[in-house]
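Residue numbers for the sequence shown, in this note's numbering: 188 to 547.
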Amino acid sequence: MTDKGKRKLKSGFTTGACASAAAKAAAMLLLTGEKVKKVDIPFPGGDRHSFALHSCFLHAGQGAASIIKDAGDDPDVTNGAEIIALVEQQKEGGQEQIVLSGGKGVGTVTKPGLPIPVGEPAINPVPREMIRAAVQEAMKEADSFPLLQVTIRVANGEELAEKTLNSRLGILGGLSILGTTGIVRPVSAKAWTDTIDASMSVARAAGLKEVIVSTGRTSEAAVQDLLHLPEEAQVMMGDYLSYALKSAHQHGFEHVHLSGMWAKILKCALEIPQTHVRNGALEVHHALDLLVKLGLEKDIAANFADANTAREIFYRLVKMGKQEIVKRVCLQAKVYAMKESGLPVEVYLVTSEDGVVVHV
């Protein structure tokens, strides 16, 4: 499909933005008795956005409202989740006009290293500001300024959280309420890089000096079986190779264990910083040029030219007894990883059948 024929991907809203809109609607209902079908709120960038309410009702002295999260075209676990806000007057007057808490489906921070202190609900700083700003608008519109308690919930949040890396980050019992702009960009790199940085921060806060950077769960599990490092040492980098390596340096680690399957290790050896096929497509002729440079006979490389995938190249090499070439690819990947991270790096090549097959 040509660029002209491609549909423009649709942006969506973060869980933080949805929680803020629900909180404003719930506060309006509590303070005025008026049910609203739509609500608009300010965003950090200065713009405003409108949200349709999924529910809005009074119950036992609480205003309750919910929004169904629309993540646009981003493949987000929380897309379609019901984000709920309950607003009531504080039972005992405190120093804060708006007290924020997490209810069922919102996780609790249990490990240091995140932007929220241990013991607090996993509602990140910007969403906290957005929720307070939205509720303050409701107060001004209602011309009523009581001390309010705002509780954020996520329907089925515990189940949804199992599909995320929250438990590894020490966020237990539910999802995180996230967002820095209020907007979800389709297939955004930021969600990945934020998770990488958060994982690195948690590992450092746990006092660790070495970290396992892996491309997926298979490669991660294989290396963990060898090293037996604490869970906090495991950082899932996905396709963000260069970013993760640099993040390890920036967070003060002394040693990196880089684990991946053949296609990712080969791309590392080829110095492709972002290894997703969309951004770092593997050209077979480039791979074969590297293999020749590392000692593979040219006539054998020529016979590999019809290979469709990196995996096919790997299994042909193994079948021909060219394990030394495979090892040299791993060593080349190690050189690039050390250059990017500025740290000592060990590279582990993993297969789904045999676990770690090369360690350099």
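Glycine is no exception: its CB is placed at the ideal position from the N, C-alpha and C atoms. What you are looking at is a predicted structure, and each value in this text was computed from that prediction instead of being measured.
Buried or exposed, going by whether 16 or more other CB atoms sit within 10 Å of the CB of residue i?
| i | result |
| --- | --- |
| F244 | exposed |
| E527 | buried |
| R465 | Unreliable positioning characterises R465 in this predicted model, as indicated by a pLDDT of 49, which lies under 50. A coordinate reading is not provided. |
| V305 | exposed |
| L518 | exposed |
| D261 | buried |
| G220 | exposed |
| N564 | One cannot answer for residue 564 here, as it falls past the ends of the chain, which runs 188 to 547. |
| L344 | With the sequence shown as reference, residue 344 is identified as Gly, and Leu is not the correct amino acid for it. Buried, since its Cβ has 16 or more Cβ neighbours within 10 Å. |
| E533 | buried |
| E275 | buried |
Restricting to Cα atoms, I'd like to know which of the options is closest to residue i.
| i | options | result |
| --- | --- | --- |
| L240 | A435, G439, K211 | K211 |
| G248 | E484, K514, A213 | A213 |
| F313 | S363, G294, S401, F332 | Note that residue 313 is Val in the sequence shown here, rather than Phe. Ranking S363, G294, S401, F332 by Cα distance to V313 puts S363 first. |
| G292 | E346, E275, Q276 | E346 |
| I228 | K222, H236, E221 | H236 |
| A348 | V337, A309, P373, I370 | A309 |
| V398 | S198, G542, L530 | L530 |
| V422 | L352, A488, N490, F491 | L352 |
| G366 | E307, A488, L477, K256 | K256 |
| E328 | V226, V516, K197 | V226 |
| D330 | W379, Q411, L218, A378 | L218 |
| S406 | F501, A420, P417, G447 | G447 |
| A378 | I459, P302, D263, V505 | D263 |
| E283 | L273, S242, V337 | V337 |
| G403 | Q323, K222, A450, G281 | A450 |
| G232 | T380, V223, V471, A204 | A204 |
| G280 | H246, P333, I303 | P333 |
| M326 | S354, N311, I285, E307 | I285 |
| D541 | H246, S401, R319, D412 | D412 |
| Y502 | E470, K222, V537 | V537 |
For residue i and residue j, which I take to be in contact (beta-carbon distance under 8 Å), what is that distance rounded to the nearest angstrom?
| i | j | result |
| --- | --- | --- |
| L457 | H473 | 6 Å |
| A258 | I271 | 17 Å between Cβ atoms; not a contact. |
| A376 | Y427 | 7 Å |
| T201 | I370 | 7 Å |
| L432 | A321 | Not a contact, Cβ separation roughly 39 Å. |
| P373 | S198 | 6 Å |
| V516 | I452 | 7 Å |
| A393 | E419 | 4 Å |
| A268 | A342 | 7 Å |
Do residue i and residue j have their C-beta atoms closer together than 8 Å?
| i | j | result |
| --- | --- | --- |
| R315 | L359 | no |
| G357 | T297 | yes |
| V513 | V545 | yes |
| L216 | Q277 | no |
| Y535 | H444 | yes |
| S434 | Q461 | no |
| H442 | M387 | no |
| A208 | F238 | yes |
| V547 | A409 | no |
| M424 | I383 | yes |
| G290 | I254 | no |
| C455 | A520 | yes |
| G361 | G294 | yes |
| I500 | A494 | yes |
| L478 | A488 | yes |
| F440 | K396 | yes |
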